[in-house]
Structure formats: C-alpha cells, structure tokens
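J.: After the structure tokens below, expect a handful of questions from me.
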Amino acid sequence: MLQTRFTKLVGVEHPIVQGGMQWVGRAELVAAVANAGALGFITALTQPTPEDLSKEIARCRDLTDKPFGVNLTILPAIKPPPYAEYRAAIIESGIKVVETAGNKPQEHVDEFRKHGVKVVHKCTSVRHALSAERMGVDAISIDGFECAGHPGEDDTPGLILIPAAANKVKIPMIASGGFADARGLVAALALGADGINMGTRFMATRESPIHQLIKEKIVANDERETELIFRTMRNTSRVARNAISTKVVAMEKEGARFEDIRELVAGARGKMVYATGNSDEGIWSAGQVQGLIQDIPSCAELISRIVREAEAIIRGRLEGMIVQPQREAAE
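Letter 46 of the sequence shown, counting from 1, is numbered 46 in full-length UniProt numbering, and no numbers are missing.
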C-alpha cells in the first residue's frame, strides 16, 4: 500500500483522486471510487439545486461507507449559481473534504474550514497554488497543460509544473492532467506530488454514468484527439475533438466573439453527448490522456491495478536500477 501525506489528510487507502467533472461526478461513480479505497468527488453544480445536491450526497452514502467529497467550482457567470446555498448543503450533509476550483474561493474556504471541512483547491500555476496556500486550504491539486477542462493560460506541462510547485508548496499536493496508470502515479510521486487526480480515465469505467459509446470513443481516441477552445478569450478549455469543437476553433481564428459561438458550446448540448452517445452533439471535456486509455474496467479493477503495478515499478524496475559500485581490486 502506498501511503502519502494526502492519504493521511483525507483518510483514504490509495493516493488516487477522481476529481469533480460536470455531468459525470455522480453518486454511482463516486461511491465506486470510494469503495475501492480512493477519493471521489460529487460535482455540486451537476445537481440543479442545493436540495438536489443534498439528495445526491445521501444517495452516495447509501452506496458506500467510505470517505468521499464534493467539488464546488466557482466560475464567473451572468447569473451565478447560489454558491452559498450549495456550500451550506455540503456542510449540513456532513461532508469532510471539498474540492474547490475557479475564482476567489476565500469566502468558501473560510466557511468550510470553520466547520472542519478539508479543502483541496485546484490550480494551474505555482503562483496560484501559493496564493491558495496562503488562503488556508489544506491541499493543492496542480493541473498541467495536458488536463481536460481548464488548463489555464500558461501552457505549462506537468513534467515542469509538478516539481516547480513541489519546490515551493508546503502542504500536500496531488498532480492532475495526463494520469491514467501506474507509470503516471510513480512519476507524480517522484516529481514531488502526494498522489494523482484522474478525470478522463474515470470517465471510461463501468460505473461512469455516461453513454457506453462515449466510453468507447475515449478508448478509440489517441492523444491528439482534443481541441483548445476559448483561447482567444483567455478562458482556454481542453475538450474532445469533434465536429463542434473543430468549428469553434475555426470561428475563433476568424475573430468570433463568445456571442457568436454561445449556442455551439452550450452546456445543455454537452450534457446530451453523455446521454445519447453522439460524440458530435456538443462540447465535452477530455484530456490528452485518451492516448493511454485502452479499456473500460470497473473502478475497483482500475485502482487495484494502478496501485499493484506502481508498487511493482518501485520495488522491481526502479530498485533494480540501483547497483553498488564494484570495489576496486586489491592491489
């Protein structure tokens, strides 16, 4: 078993996290991750109301008695969701660990910590990680450029970002973006992280609540099958390459404003992708790690395999590379 500062902090067996994913982070997936000894997060804003979130948390508790958390993403919006009400639902439901993401979470961090809730904040740069550390969060999730969703605007890949953050961040840190197997876990630990966060990899599991055709599409895709949309608006998002995302990128190159592409990128269309299995229905998030995903296992099979193979790499391949210098022949 691999024990790190992060596993001790949140009380799980394995240093593996299933982060929040819009439309995907539901009770059946989160409970399966928890039952396998890792940490799963229900995505708060997938639920239409705070009351629905409370019901989803209760549903997850019916499926597992292991620790799990809730993701609360704070993003600018014309009509912002009632964040304070979602936060209250999380606290009142007795959740002990929250993943925050997005802009200026200080108010939420303060309130969560006041109620004994551990906060893991997602960051895409060292400077943001240090800011979150000063804010009082308990752990950092550092997202490299490879990740699905919002990779930030610095375009720094994990091979640089993870050790750069580890050099300066003092609290536990998990690495995000590009992780799917034991090799990634061992690499992240070697780079200074205390565990890994996987999103796209958990989408392609049996318990993932998305259409089987989308799971099969992720397996079929290689590492080139993503697009970066909203680059011209400095709100970059990495999504699966399809007819819609390719069109959006082309429109942006021609000077399109958000109003011009609003209908194409609507969240309702992306939600339908997961419901219908039509990968061209709308925009949906996926990382470059698609190129490393070859099957659709259960969460228990996936997590067990990653941990088992990581231990084998550390004890076998890496330890086997250490050789003692031969003593010089006696004169």
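We treat Cβ as the ideally placed atom computed from N, Cα and C, and that holds for glycine.
Just so we're clear, the structure is a prediction, and the values are computed from it rather than from any experiment.
1. Quick one: which unbroken beta strand (DSSP E) runs of 3-plus residues sit fully inside the segment 218-263? Chain order, please.
2. Name, in chain order, the residues that DSSP records as bridge partners for Phe-41.
3. Smallest Cα separation from Met-272: which of Glu-259, Leu-228, Pro-209?
4. Taking contact to mean 3 or more Cβ pairs, one atom from each stretch, closer than 8 angstroms, check whether the segment 117-132 and the segment 167-179 are in contact.
5. If distances are taken between C-alpha atoms only, which option among Asp-280, Ala-101, Thr-124 comes closest to Ala-240?
6. Val-24 by DSSP, collapsed to three states: which one?
7. Starting from Ile-293, follow the beta strand (DSSP E) in both directions and report where the run begins and ends.
8. Kindly indicate which three-state DSSP category Gly-11 falls into: helix, strand or coil?
9. How is Asp-143 classed by DSSP in three states: helix, strand or coil?
10. Tell me the DSSP bridge mates of Asn-103?
11. To the nearest angstrom, report how far apart Ile-244 and Ala-250 are at their CA atoms.
12. Identify, in the order they occur along the chain, each residue of the same chain with its Cβ nearer than 8 angstroms to the Cβ of Leu-222, setting aside the five sequence neighbours on each side.
13. Evaluate Ala-180 with the Cβ neighbour count: other Cβ atoms within 10 Å of its Cβ, from every protein chain shown; 16 or more gives buried, anything less gives exposed.
14. Pairs of beta-carbons, one from the segment 30-38 and one from the segment 64-72, closer than 8 angstroms: are there three or more?
15. Do you know offhand how far Gln-47's Cα is from Pro-105's?
16. Determine the direct distance from the alpha carbon of Ile-162 to that of Pro-76, and round the result to whole angstroms.
17. Let me check understanding here. Comparing Cα to Cα, which of Ser-304, Ala-286, Ile-303 lies closest to Gly-149?
T.: Per the coordinate set shown:
1. Fully enclosed beta strand (DSSP E) runs of 3 or longer: 226-229, 237-240.
2. Looking at the DSSP output, Phe-41 sits in a beta bridge with Gly-69.
3. Among Glu-259, Leu-228, Pro-209, the Cα nearest to that of Met-272 belongs to Pro-209.
4. With three or more CB-CB distances shorter than 8 angstroms, the segment 117-132 counts as touching the segment 167-179.
5. Nearest of Asp-280, Ala-101, Thr-124 to Ala-240, Cα basis: Asp-280.
6. In the structure shown, Val-24 sits in coil (DSSP, three-state: anything other than H, G, I, E or B).
7. Note, Ile-293: premise wrong, no beta strand (DSSP E); not H, not E.
8. Assignment of Gly-11 by DSSP, reduced to helix, strand and coil, places it in the coil class.
9. Correct three-state label for Asp-143: strand.
10. In the DSSP assignment, Asn-103 forms no beta bridge with any residue.
11. Taking the Cα positions, Ile-244 is about 10 angstroms away from Ala-250.
12. The residue you asked about is not Leu; residue 222 is Asp in the sequence shown. Within the same chain, Asp-222 has close Cβ partners Gln-290, Gly-291.
13. With 16 or more other Cβ atoms within 10 Å, it is buried.
14. Yes, since at least three Cβ pairs between the segment 30-38 and the segment 64-72 fall closer than 8 angstroms, the two stretches touch.
15. If I take the Cα positions, the gap works out to 20 angstroms.
16. So the alpha carbons of these two residues sit roughly 27 angstroms apart.
17. Taking Gly-149 as reference, the option from Ser-304, Ala-286, Ile-303 with the minimal CA-CA separation is Ala-286.
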